[in-house]
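Participant: First residue of the sequence shown: 1046, per this note's numbering; consecutive thereafter.
Using N, Cα and C, we set each Cβ at its ideal position, and we do this for glycine too.
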Amino acid sequence: MQPLRRRINPQTFVITLRQIAKHLKINQERILNWEKWHNVLWVHIKGLGGYFVSYRKLEQWIAACRSLIGSCRNLPALDALWSAILKEAARYTEEALSRLEAIWQQQYTDLWNRPF
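1. Does the beta-carbon of Q1151 have 16 or more other beta-carbons within 10 angstroms, so that it is buried, or is it exposed?
2. On the premise that I1114 lies in contact with W1157, defined as a C-beta separation below 8 Å, what is that separation, rounded to the nearest angstrom?
3. Let me know if L1120 comes out buried or exposed under the rule of 16 or more other beta-carbons within 10 Å of its beta-carbon.
4. Just reading off the alpha helix (DSSP H) that G1115 is part of, what are its end residues?
5. Alpha carbon to alpha carbon, how far is W1082 from R1111? Give it in angstroms, no decimals.
6. Measuring CB atoms only, is the stretch 1066-1075 touching the stretch 1117-1131, in the sense that at least three cross pairs come out at less than 8 Å?
7. Return helix, strand or coil for W1149, following the three-state DSSP convention.
8. Counting pairs of Cβ atoms below 8 Å between the stretch 1098-1112 and the stretch 1126-1140, do you hit three or more?
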């Protein structure tokens, strides 16, 4: 199984200034500039300087993981994907990991009960 960063392309994410400000819990006006870099989002914050945000902390990454889980058509593929997600578990919020686990469990149940 490829690492998730090879299966998910953050460059396709639609990211707004408002979303970045909300994630960083700051006022939008404090963000002077931001750029999508290959592995991280770079944000220039007034009075703070440059700040890096992991794509894995954004809702778009979690949505992409949900989509990958839902597209698994057999249990071995689902297990391999879940292992890849768990390898990066420290990079996710507890709430995001719980949501992904619930989706994984549902897909696992659906695939397990699927007639052959």
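Facilitator: Inspection of the coordinates gives the following:
1. Walking along the sequence shown from the start, residue 1151 turns up at place 106. Q1151 is exposed by the Cβ-count criterion.
2. As a position in the sequence shown, residue 1157 is number 112, starting the count at 1. As a position in the sequence shown, residue 1114 is number 69, starting the count at 1. About 14 Å separates the beta carbons of W1157 and I1114, which is beyond the 8 Å limit, so they are not a contact pair.
3. Numbered from its first residue, the sequence shown carries residue 1120 at position 75. With fewer than 16 other Cβ atoms within 10 Å, it is exposed.
4. For the purposes of this step, residue 1115 is taken as residue 70 along the sequence shown, with counting starting at 1. Looking at the DSSP string, the run of the alpha helix (DSSP H) that includes G1115 is E1104 to S1116.
5. Reading the sequence shown from its first residue, position 66 is the one you call residue 1111. Reading the sequence shown from its first residue, position 37 is the one you call residue 1082. One C-alpha to the other measures close to 23 Å.
6. By the criterion of at least three beta-carbon pairs nearer than 8 Å, the stretch 1066-1075 is not in contact with the stretch 1117-1131.
7. One-based indexing of the sequence shown puts residue 1149 at position 104. Annotated three-state conformation of W1149 is helix, per DSSP.
8. Because the criterion of three Cβ pairs below 8 Å is met, the stretch 1098-1112 and the stretch 1126-1140 touch.
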